[in-house]
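Inspection log for the structure reproduced underneath, given as structure tokens.
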Amino acid sequence: MQKTFMDSEMLRWGVGLILGFPALMLIVGEVIFHLDRRKHPLTSTLRIVRGLLLPATAVFLTLQHVIPVGRDDLWLRLVETVILLVLIHASLSLLNVVIFAHATEGSWQSRLPRLLVDVIRLILVLVGLSVVLSIVWGYDLGSLATALGVGSLVLGLALQDAVGNVFAGLLLMFERPITVGDWITVEGYSGKIVEINWRAVHLETFERVLVIVPNSVLAKGAISNYGRPTRLHGELLPFRFSVFDKPNEVRNLLADTIEGVRGILADPPADIITDSFGDGVVLYKVRFYVEDYADVERARSEYLTRVWYAARRLRLTLDHPTLYHLPADREAPPFRDKVPTPAAVAALFPQFGLSAVAEDGPEWRDVCLRHYSPGETVLRPGEAIPGLFLIFSGHVELAVRNEDGLLNITAGAGRGEYFGEKALLPGQSSDFFVVVAEELEVLVLPSTTLEAMLERSPRLASEIGRVMESRRAAALRASKRPVNAADQAFVHPRREDAARSVGASDRA
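For the sequence shown, the residue numbers in my numbering are 162 to 669.
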């Protein structure tokens with residue numbers, strides 16, 4: 162006899178679902194609300210239960226007990242399938258919370274590769290789907306396993322490279338020779354690891370180019386990891402100087418120019434090595450250290466630039482293969498800078514009365530032209546002053562340290578101005594750090610030339626004296642006041658780099 166809705170069992174189920182389902186949803190919702198306020202990881206699992214599992218279960222119970230349908234009804238099977246799939250999803254979420262939610266740094270959970278976790282989750286999902294197909298839809302698992310085995314063989318042959326990358330990725334995850342953020346070199350590419358996935362490792366090079374390296378290539382080849390065992394990186398630079406240059410002078414040049422270069426560490430100190438003798442040259446090697454490989458390109462560039470300028474000032478021959486292999490119809494460029502004539506200097510500095518000085522006279526014999534790279538320190542406090550520096554181009558900053566040891570910039574000087582005015586007084590040394598803010602070209606007038614100029618123009622001594630006193634007073638004030646925002650409001654493009662260079666070289 163066919164049952165009606167008024168039958169006692171159907172009525173009980175109907176009333177129970179009408180009253181129980183909203184009550185259960187309300188209870189679970191309250192639990193979720195309180196757990197969410199505490200940021201509890203179990204919240205995500207309960208959201209799955211409330212949003213998917215409970216409604217699907219209510220529909221299933223309605224179809225089975227309130228609106229009775231046959232066991233083989235399509236809608237009942239579909240709902241039952243949804244319930245089991247949601248149950249698998251909720252179980253995996255709960256497993257993830259139990260195992261990984263409270264994992265501490267260094268525990269086996271934190272060291273477990275993410276790729277392996279994804280593979281295990283995929284296997285569990287496949288097993289769950291097989292159980293659903295067997296229980297709900299009545300498929301024979303044996304036949305299904307056979308079909309999957311044959312299909313897997315065909316698919317594996319077709320995707321052997323992709324499968325190889327996956328397993329290579331698993332091996333890399335287990336060994337963990339690389340991590341996201343490491344700088345590596347592989348297959349001729351150097352870059353920072355930005356992603357590690359199932360198939361490949363993504364590198365971002367210095368040129369902001371994305372290079373994708375398959376995991377199988379990483380597993381088979383050699384990897385240079387600049388982040389292991391520490392991120393401290395040593396860089397080796399070779400230099401070749403003429404065999405006629407004194408090794409100690411060259412070594413001092415290489416050591417002095419490295420001080421204060423941005424990114425290069427003072428501890429551990431750089432190593433300067435006289436390596437070998439070649440065909441008319443001596444090979445030197447400089448090994449310096451940076452905190453991270455990402456800093457090495459900028460540090461190398463700035464250091465090489467400073468070495469070029471310093472070698473030119475000291476008239477040391479920095480060798481380059483093309484320097485001695487020019488075409489027959491070309492002449493090698495002059496190594497030494499040509500000193501401008503007194504008349505040319507007088508046009509920019511009329512107060513010095515240089516127009517009366519003879520270019521071939523003894524007063525002009527020791528005058529020299531020098532070039533400095535941005536960031537270099539021309540003079541330091543306590544250092545002997547070789548002469549008066551007349552600025553033809555560029556800009557320098559004059560700075561002192563205050564009572565707290567912080568740097569205060571007291572004045573600046575540009576084209577048409579000068580510094581090193583204490584060279585007029587015998588035995589005097591610099592009171593300032595003089596740091597190059599913009600590429601500098603200066604003419605250095607030695608004391609003999611200055612004495613001759615003072616004899617011709619007595620007023621010149623008064624002018625230089627006023628400049629000297631003004632700068633001395635500014636240095637005295639700056640040495641007693643704290644560094645404020647005005648001192649750090651850099652006007653020139655390289656002024657901040659210059660100030661940073663002073664601090665680093667002074668500490669070194």
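Yeah, the Cβ is synthetic: ideal placement off N, Cα and C, and Gly gets one too.
In the three-state reduction of the DSSP assignment, G555 falls in the strand class. Residue nearest to S591 within the set E410, G581, L585 is G581 (criterion: CA-CA distance). Comparing alpha carbon positions, the residue from G421, R423, L414, G424 closest to I433 is L414. The C-alpha of D456 lies about 26 angstroms from the C-alpha of V595. Our two residues, N376 and E356, have alpha carbons roughly 12 angstroms apart in a direct line. For H195, the uninterrupted alpha helix (DSSP H) segment begins and ends at 169-198. Secondary structure within the segment 346-400: the alpha helix (DSSP H) runs of 4 or more consecutive residues, fully enclosed, are 376-381 (chain order). The three-state secondary structure of R448, taken from DSSP, is strand.
The DSSP assignment places 204-209, 215-222 as complete runs of the alpha helix (DSSP H) inside the segment 195-251, in order along the chain (cut-off: 4 residues).
Between T538 and G421, the beta carbon gap of about 6 angstroms places them in contact (Cβ cut-off 8 angstroms).
Given a length threshold of 3 residues, each whole run of the beta strand (DSSP E) inside the segment 577-621 is given here in chain order: 594-606. C-alpha of E368 to C-alpha of Y350: approximately 11 angstroms in a straight line. Spanning the alpha carbons of M171 and D233 requires a straight line of approximately 20 angstroms. Contact between the segment 498-506 and the segment 515-525 is present: three or more C-beta pairs spanning the two stretches fall below 8 angstroms. For S437, the enclosing beta strand (DSSP E) has its first and last residue at 432-438. Listed in chain order, the non-local C-beta contacts of C529 below 7 angstroms within the same chain comprise V500, V605, local neighbours out to five positions each way being set aside. When C-alpha distances from L397 are compared across E564, E458, V230, the shortest belongs to E458. Between the segment 596-603 and the segment 552-561 there are three or more C-beta pairs closer than 8 angstroms, enough to call the two in contact. Under DSSP, the beta-bridge partners assigned to Y533 are L601. A184 is classed as exposed because its beta carbon has fewer than 16 other beta carbons within 10 Å across all chains shown. G352 counts as buried, since no fewer than 16 other beta carbons sit within 10 angstroms of its beta carbon. Closest by C-alpha distance to R541, out of Q589, L207, V243, is Q589. The beta carbons of I209 and A251 sit closer together than 7 angstroms.
Remark: C-beta atoms of S254 and S291 do not approach each other more closely than 7 angstroms. Taking a contact as a CB-CB distance under 8 angstroms, the pair G522 and S608 does not count as one, their CB atoms being some 16 angstroms apart.
In this structure R576 is exposed. Its beta-carbon is surrounded by fewer than 16 other beta-carbon atoms within 10 angstroms. Secondary structure in the segment 502-546: the beta strand (DSSP E) runs of 3 residues or longer, each lying completely within the stretch, are 529-533, 538-540 in chain order. Here N409 is exposed: its Cβ has fewer than 16 other Cβ atoms, across all protein chains shown, within 10 Å. When only Cα atoms are considered, V230 and G212 end up about 25 angstroms apart. With 16 or more other CB atoms across the displayed protein chains lying within 10 angstroms of its CB, A217 is buried.
Here the C-alpha atom of E241 lies approximately 50 angstroms from the C-alpha atom of G382. If you draw a 10 Å sphere on the C-beta of T366, you find fewer than 16 other C-beta atoms in it, and that means exposed. If you compare the alpha carbons of V192, G441, V451 with that of T478, the shortest gap goes to G441. Nearest neighbour of W344 by Cα position, chosen from N386, S618, P511, turns out to be N386. DSSP places T265 outside both helix and strand once states are collapsed to three, so it counts as coil.
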